[in-house]
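Student: Would you mind keeping the following structure in view while I ask a few things?
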Amino acid sequence: MNTELSEFRAFYEQLQSSSLSQLPSVYSEDVRFIDPVAEHHGLDALDTYFGRLLENCGECRFTIHSCVLQGQQGFVTWTMIFSHPKVKKGAMICVDGCSEIMLNTEQKVCQQRDYYDLGAMLYQHLPLIGPVINWLKKRLNS
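Here the sequence shown is numbered in the UniProt record's numbering, starting from 1 and rising by one per residue.
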């Protein structure tokens, strides 16, 4: 694994509210973080986002599968395992995804875009929408 991404990997594999103090060692002050839910600019905004995420989830952990870095651009594949009391009655949900990251000259993440299936994460577990999405998926696969 790339040593440049070792702090990134460790941060996500040990993610919890108490580890948010490590954000400045992984992310630049002017970081741009984008995922299917929202876009956040700056370290303070990212700290707030992660804080709310961890506060609302019963559990949230990441397993990092691979890290590839070429120059200043990297890709990380991962599985997020989480529970939320209002989604799937608090049961654990696994979502595979990947992050495209850009490092600045200080080897900190200055841009991150996460790719994952928001339907698998949220929509297909909601009472009214979930059955419709699951029916559509079965229909498309037949």
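Glycine included, C-beta positions come from ideal geometry on N, C-alpha and C. If you're wondering where the values come from, they're calculated on a predicted model, not measured in any experiment.
Tell me where the alpha helix (DSSP H) around Glu29 begins and ends.
Tutor: No alpha helix (DSSP H) contains Glu29, which is instead part of the beta strand (DSSP E) from Tyr27 to Ile34.
Student: For the ligand FAD, is there any heavy atom lying closer than 8 Å to the beta carbon of Asp30?
Tutor: Within the structure as shown, the ligand FAD is missing, as the structure has no ligands at all.
Student: So for Leu69, helix, strand or coil by DSSP?
Tutor: The answer is strand: DSSP assigns Leu69 an E or B state.
Student: Find out if the Cβ-Cβ distance for the pair Phe8, Ile81 is shorter than 9 Å.
Tutor: For Phe8 and Ile81, no; Cβs fall outside 9 Å.
Student: Could you compute how far the alpha carbon of Lys108 sits from the alpha carbon of Gln73?
Tutor: In a straight line, the C-alpha of Lys108 is about 11 Å away from that of Gln73.
Student: If you measure between the beta carbons of Phe16 and Leu54, is that distance less than 9 Å?
Tutor: The question names Phe, yet the displayed sequence has Gln at residue 16. Taking 9 Å as the Cβ cut-off, Gln16 and Leu54 qualify as a contacting pair.
Student: Secondary structure at Val95, three-state DSSP: helix, strand or coil?
Tutor: Note: Val95 maps to strand in three-state DSSP.
Student: Using the C-alpha atoms, what's the distance from Leu23 back to Ala10?
Tutor: The straight-line gap from Cα to Cα measures roughly 11 Å.
Student: On the criterion of 16 or more Cβ atoms from any shown chain inside 10 Å, does Ser21 qualify as buried, or is it exposed?
Tutor: Ser21 comes out exposed.
Student: Can you list, in chain order, the residues of its chain whose CB lies under 8 Å from that of Glu29, leaving out five sequence neighbours each side?
Tutor: Closer than 8 Å at the Cβ level, and outside the excluded window around Glu29, lie Gly42 and Leu43.
Student: Does Gly74 come out as helix, strand or coil in the three-state DSSP assignment?
Tutor: Three-state DSSP puts Gly74 in a strand.
Student: Would you call the segment 123-138 and the segment 51-67 touching, i.e. three or more CB-CB distances under 8 Å?
Tutor: The segment 123-138, when compared against the segment 51-67, does not touch it at the 8 Å Cβ threshold.
Student: In three-state DSSP terms, what is Thr63?
Tutor: Here Thr63 sits in strand by DSSP.
Student: If we count the other Cβ atoms within 10 Å of its Cβ and call it buried at 16 or more, is Cys110 buried or exposed?
Tutor: With 16 or more Cβ atoms within 10 Å of its Cβ, Cys110 is classed as buried.
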